[in-house]
Amino acid sequence: MSSSGTTTARLLPGAPVAAQVLAEVAESVVELRAAGVTPALATVLVGDDDASAGYIRIKQRQAAELGFVSPHVHLRASASQADLHAVLADFNADKAVHGVLVQYPIPGHLDYDRALAELDPDKDVDGMHPVNMGRLALGLPGPLPCTPAGIEALLAFHGVPVAGREVVILGRGATLGRPLAMLLAQKRPTANAAVTVVHTGVPDWARYTRRADILVAAAGVPGIIQPEHVRPGGVVVGGGVRYEGRRLLPDVDESCAEVAGAITPRVGGVGPTTVAMLFRNAVRAAQRASGLG
């Protein structure tokens, strides 16, 4: 109990989930290397944004710890769309490279979706290539979008029942809301939910969120989810965030912990699982390419 006498929700941290996934990735890397395959995750950075450069360094450090090699290309901020496509074409053709990550965001004059479409779908570690989104929609094997896959893994790890439950997702974005809805509706023990996608363009969207067994905030609107939007005792997953500089502004207000039965922490919730799923996609790409998957 808190000092005010209100119940505090059980926390659902992402770190132990990520640790489990990364341990499995590390085992797979050992098996690949024993078979003479060195998994390679290439990274592409366009421009000189400090935060983006920092994220690349974190991923490269994690890659090295897991046993990946990580070739890197850094394009100037004035690079053209053709310059970016040429880099991706080179990585597509390089059989020693198994996965490719283009760090987002890229400069405003470039089209990220066009660049993503140039990438070999089998090397798409973000799981966001149109072909892979189509595979997800059809329930076919392929790289999964990292944040949705991380949320599914987080709920399963912490023993949160999903099958048969009502999941409401606030947000319809291509990176989280829509793919998560497709993922959690699939017929699997860790999914098989009744999923509703709602958004801020819907009048009285809160009438949907208040009935959710599991509420996933994916709007990218800081503090949009307040206690009155949460079903008492329900599960709240904070997937949407916005950044002001390096300051993280989550969708879910911290006071929601006084109403929810379980909730992801404001820091260290979904984020670690997203990174772990990126490396799971990367090692599976290496397994497929080498015939060891």
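Going letter by letter, the sequence shown gives residues 569 to 861 in the numbering used here. Beta carbons are placed, not taken as given, at the ideal position from N, Cα and C, and that holds for glycine.
Task: Span of the beta strand (DSSP E) around Pro841 - done: In the sequence as displayed, the identity of residue 841 is Thr instead of Pro. Thr841 -> not in any beta strand (DSSP E); alpha helix (DSSP H) instead, spanning 838 to 858.
Open item on the list: Let me make sure I understand the geometry here. Which of Val593, Gly808, Leu600 has the alpha-carbon closest to that of Ser858?
Closed with: A check of alpha carbon separations from Ser858 across Val593, Gly808, Leu600 identifies Leu600 as the nearest.
Open item on the list: Between the segment 783 to 792 and the segment 721 to 741, can you find at least three pairs of beta-carbon atoms closer than 8 Å?
Closed with: Between the segment 721 to 741 and the segment 783 to 792, the count of C-beta pairs closer than 8 Å reaches three or more; the two stretches touch.
Task: Buried/exposed call for Thr832, threshold 16 Cβ in 10 Å - done: With 16 or more Cβ atoms within 10 Å of its Cβ, Thr832 is classed as buried.
Open item on the list: Tell me the DSSP secondary structure of Asp692 in three-state form.
Closed with: Correct three-state label for Asp692: strand.
TODO: State the DSSP-derived secondary structure class of Arg578, mapped to helix, strand or coil.
DONE: DSSP places Arg578 in strand when its eight states are reduced to three.
Task: Ranges of the beta strand (DSSP E) found wholly within the segment 684 to 750, counting only runs of at least 3 - done: For the segment 684 to 750, whole beta strand (DSSP E) runs of length 3 or above, ordered along the chain, are 734 to 738.
- [ ] Since I believe Ala749 is in contact with Val766 (beta carbons under 8 Å), could you give me their beta-carbon distance rounded to a whole number of angstroms?
- [x] Actually they are not in contact, since the Cβ atoms of Val766 and Ala749 sit about 10 Å apart, beyond 8 Å.
Task: Close beta carbons around Pro709, own chain, < 8 Å, minus the five adjacent residues each side - done: Answer for Pro709: Arg703, listed in chain order.
Task: Collapsed DSSP secondary structure at Pro673 in the structure displayed - done: Reduced to three states, the DSSP call for Pro673 is coil.
Open item on the list: Using only CA atoms, which one of Gly808, Pro689, Arg733, Pro729 lies nearest to Leu712?
Closed with: The residue among Gly808, Pro689, Arg733, Pro729 with its C-alpha nearest the C-alpha of Leu712 is Pro689.
Open item on the list: Please classify Val843 as buried or exposed, where buried requires at least 16 other C-beta atoms within 10 Å of its C-beta.
Closed with: When all chains shown are included, Val843 counts as buried.
Open item on the list: Considering only the alpha carbon of each residue, which of Leu652, Ile624, Glu595 lies closest to Gly635?
Closed with: Across the set Leu652, Ile624, Glu595, the C-alpha of Glu595 shows the shortest separation from the C-alpha of Gly635.
Open item on the list: Can you give me the C-alpha to C-alpha distance between Arg779 and Val798, rounded to a whole angstrom?
Closed with: Their backbone Cα atoms lie some 8 Å apart in a straight line.
Open item on the list: Using a Cβ-Cβ cutoff of less than 8 Å, which residues in the same chain neighbour Ile624 once the five nearest sequence positions on both sides are dropped?
Closed with: If you ignore the 5 residues before and after Ile624, its C-beta comes within less than 8 Å of the C-beta of Thr611, Leu613, His640, Gln671, all in its own chain and listed in chain order.
Open item on the list: Starting from Pro584, trace the beta strand (DSSP E) in both directions and tell me its first and last residue.
Closed with: Segment 583 to 602 is the alpha helix (DSSP H) holding Pro584; no beta strand (DSSP E) there.
- [ ] Apply the 10 Å Cβ neighbour rule to Tyr811 and answer buried if 16 or more other Cβ atoms are within range, or exposed otherwise.
- [x] Exposed.
Open item on the list: Quick check: the Cα distance between Ser638 and Thr576, rounded to an integer number of angstroms?
Closed with: CA-CA distance, Ser638 to Thr576, rounds to 42 Å.
- [ ] State the start and end residues of the unbroken alpha helix (DSSP H) segment that holds Ala619.
- [x] Note, Ala619: alpha helix (DSSP H), 618 to 634.
- [ ] Leaving aside the five residues before and after Pro795 along the sequence, list all residues of the same chain whose C-beta is less than 7 Å from its C-beta, in chain order.
- [x] Result list for Pro795: Ser823, Cys824, Glu826, Val827, in chain order.
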